[in-house]
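In this note's numbering, the protein residues as written are 42 to 376.
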């Protein structure tokens, strides 16, 4: 075998000659990485309650790598140091700094988009942390609320792609939310818009972490499953598993929660007039156990003028939706 770097080799191809140049010889073209410019890419990072999800992606949405890191939320700022190490690791992996970095996290993003301004109760040290300074980045690291980022991710390369008016709910420990109106993420006066999980369904119900009585988060969030089941179930996953096995009490608790969710979705449809409602988060992994009764509860109560109904769709990006959204947001800063 002979490797022939001819005049055109610098253009990205290497000529490999197999055998002697006699009748029947073969020419094989192989990629030649020498002198090639590294791919433009963004790093999107999503900070959760006990894990960090990240993706490196190209501007056209091609995924180059995914990362999933666990951390101990009780260890002071461990999550921050793991994110810093992750950025350095991706730099080594890609042989260059990311062209842009974006971050999503729970809480209310600051007006300047560089930090989380309000994050009650969890992740001590997150509030006010300027990520551009912390990471020593030469370009601004834009910061988004995690549910807002999840919707951006789904709108870019997921279930909300192609829609101009869409709502997203993330069902997990709590209930996050976001809305897109005429192709633009709804932010509001201080970035609070879209926190749909804190919408009240029962004015006499117990308050959620934001002080809202009887909210959707209280009705279906994993944070209240022990209270709703009077201590019988520790997680919503356990509740659904029992429901699927025919446990009558579990079924009653679960369907009550789904019915409350349907009432909330119906209200959001009337307020925002979306083409679709995307539902993600850990609880959405229940699949048919969630979406079939949800649609059954919605059918008789959703207002459908001129025969129009909003689609209710499962999210496609799973636990990486926020990371894709953070990357999408960061790519907007590139020239």
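Every residue gets a Cβ at the ideal spot worked out from N, C-alpha and C, and that includes glycine.
- Taking C-beta atoms as the reference points, residue 208 and residue 238 fail to come closer than 8 Å.
- Rounded to the nearest angstrom, the gap between the Cα atoms of residue 223 and residue 291 is 40 Å.
- 8 Å or more divides the Cβ of residue 92 from the Cβ of residue 119.
- By the beta-carbon neighbour count (other beta carbons within 10 angstroms, threshold 16), residue 249 is buried.
- Pairing residue 183 with residue 370 gives a Cβ-Cβ distance under 8 Å.
- In this chain, residue 230 is not harboured by any beta strand (DSSP E), its DSSP state being neither H nor E.
- Around residue 255, the same chain offers 241, 242, 243, 246 as residues with beta carbons nearer than 6 Å, after the five sequence neighbours per side are excluded.
- Using a Cβ distance threshold of 8 Å, residue 157 and residue 143 do not count as a contacting pair.
- Between the region 196-207 and the region 291-304, the count of C-beta pairs closer than 8 Å stays below three; the two stretches do not touch.
- When the beta-carbon positions are compared, residue 217 and residue 251 stay at least 8 Å from each other.
- Residue pairing by DSSP places residue 278 in no beta bridge whatsoever.
- Between residue 235 and residue 219, the C-beta spacing is below 8 Å.
- Taking C-alpha positions only, residue 275 is separated from residue 283 by approximately 12 Å.
- Short of 7 Å from the beta carbon of residue 154, and not among the five residues preceding or following it, lie these beta carbons of its own chain, in chain order: 183, 184.
- Nearest to residue 356 by C-alpha distance, out of 375, 322, 225, is 322.
- Residue 154 is not bridged by DSSP to any residue.
- In the pairwise beta carbon analysis, the region 80-89 is classified as touching the region 124-142: at least three pairs are separated by under 8 Å.
- Rounded to the nearest angstrom, the gap between the Cα atoms of residue 180 and residue 108 is 22 Å.
- For the set 169, 113, 197, 333, the Cα lying nearest the Cα of residue 373 is the one of 197.
- Fully enclosed beta strand (DSSP E) runs of no fewer than 3 residues occupy 317-321 of the region 289-341, in order along the chain.
- One Cα belongs to residue 359, the other to residue 303, and the distance between them is close to 21 Å.
- Under DSSP, the beta-bridge partners assigned to residue 159 are 149.
- Between residue 151 and residue 363, the gap from beta carbon to beta carbon reaches 8 Å or more.
- Of the candidates 345, 268, 199, 199 places its Cα closest to the Cα of residue 361.
- With a threshold of 16 other beta carbon atoms within 10 Å, residue 230 falls short and is exposed.
- Between residue 253 and residue 263, the gap from beta carbon to beta carbon reaches 8 Å or more.
- Across the set 116, 352, 308, the C-alpha of 116 shows the shortest separation from the C-alpha of residue 164.
- According to the DSSP secondary-structure assignment, residue 108 is paired through a beta bridge with 95.
- DSSP, reduced to helix, strand and coil, places residue 168 within a strand of the structure shown.
- When 195, 106, 174, 343 are compared, the shortest CA-CA separation from residue 221 is found for 195.
- With respect to the 8 Å criterion, residue 354 and residue 307 are not classified as neighbours on the basis of their beta carbons.
- DSSP places residue 346 within a helical segment (H, G or I) once states are collapsed to three.
- Using a 10 angstroms sphere on the CB of residue 280, the tally of other CB atoms reaches 16 or more, which defines it as buried.
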